[in-house]
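Quick note, the sequence shown lines up with residues 89 to 285 if you use the numbering used here.
Positions of the beta carbon are idealized from the N, C-alpha and C atoms, including for glycine.
Since we're looking at a predicted model, the values are computed, not measured.
Notes to accompany the following structure.
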Amino acid sequence: MNVKSMTTNIAASVNAFAAIVLLFAAPINFNIMLNKKIESALNEQIALEHESSQYYLSMASWAEVKGYHGITKFLYLQSDEERAHMLKLFHYINERGGHALVPDAKIPPKSFQTIQEIFEQVLKHEIKVSGEINELVDMCQKEKDYTTNNFLQWYVAEQIDEERTARNILDKLALIGSDKGGLYLFDNELGAMPGKK
Ligand code: OFO
Numbered sequence: 089m090n091v092k093s094m095t096t097n098i099a100a101s102v103n104a105f106a107a108i109v110l111l112f113a114a115p116i117n118f119n120i121m122l123n124k125k126i127e128s129a130l131n132e133q134i135a136l137e138h139e140s141s142q143y144y145l146s147m148a149s150w151a152e153v154k155g156y157h158g159i160t161k162f163l164y165l166q167s168d169e170e171r172a173h174m175l176k177l178f179h180y181i182n183e184r185g186g187h188a189l190v191p192d193a194k195i196p197p198k199s200f201q202t203i204q205e206i207f208e209q210v211l212k213h214e215i216k217v218s219g220e221i222n223e224l225v226d227m228c229q230k231e232k233d234y235t236t237n238n239f240l241q242w243y244v245a246e247q248i249d250e251e252r253t254a255r256n257i258l259d260k261l262a263l264i265g266s267d268k269g270g271l272y273l274f275d276n277e278l279g280a281m282p283g284k285k
């Protein structure tokens, strides 16, 4: 072995040693933690999705007692969907190293005056949820949490869909007015709507 190749071998060994030292000196953080502020905001969103689910559940029960079978089916499905939205947040928070928390139960209203009133409340509630989702997206961008921002885009699209559904239903109810036959057909139509989940 000549002096040049000896020098090359020594340099390679020194580099390999330095790489090993660096590896142990700066341990890799495999547990990517959610920013605490984002974690807490996502937990608040869990509470809101839970509230939505309970709200739809109470509406469904009222409609069932009143004999609106199609509207009842639609509202029970909506309640299940909101629970699925909540669970999606549970899994995301926990997978990102946070802790998803079961929210305190907020009691929803028990009775309603009319079907019209139910869907006015649905639209109002969904607009409120959309606002909260937008706030969350805004916070993620400010905190540079692009992963959660990306995750939340599903909720942004979902809220557009839910607001549109509520507005369409209210438009139909406005057309039906006090026509009982129209309401009967509307009840059948809502009952035939497939759920999304
Ligand atoms: Fe969760 O979509 Fe409505 O609230």
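query: Proximity test, Cβ basis, 7 Å: Ser128 and chain C; result: Going by chain labels, chain C is absent from the structure shown, which holds only one protein chain.
query: Minimum length 4: unbroken alpha helix (DSSP H) runs contained in the segment 121-195; result: 124-154 and 157-183
query: Assigned secondary structure, Ser218 (DSSP; H/G/I helix, E/B strand, else coil); result: helix
query: Nearest-angstrom beta carbon gap, Asn276 and Gly158 [assumed within contact, 8 Å]; result: 5 Å
query: Closer than 6 Å: Ser218 CB and nearest ligand 1 heavy atom; result: no
query: Rounded straight-line distance, which links the Cα of Lys268 to that of Lys161; result: 19 Å
query: Lys212 - DSSP class collapsed to helix/strand/coil; result: helix
query: Residue closest to Ala254, alpha-carbon to alpha-carbon, out of Phe207, Gln133 and Asn131; result: Phe207
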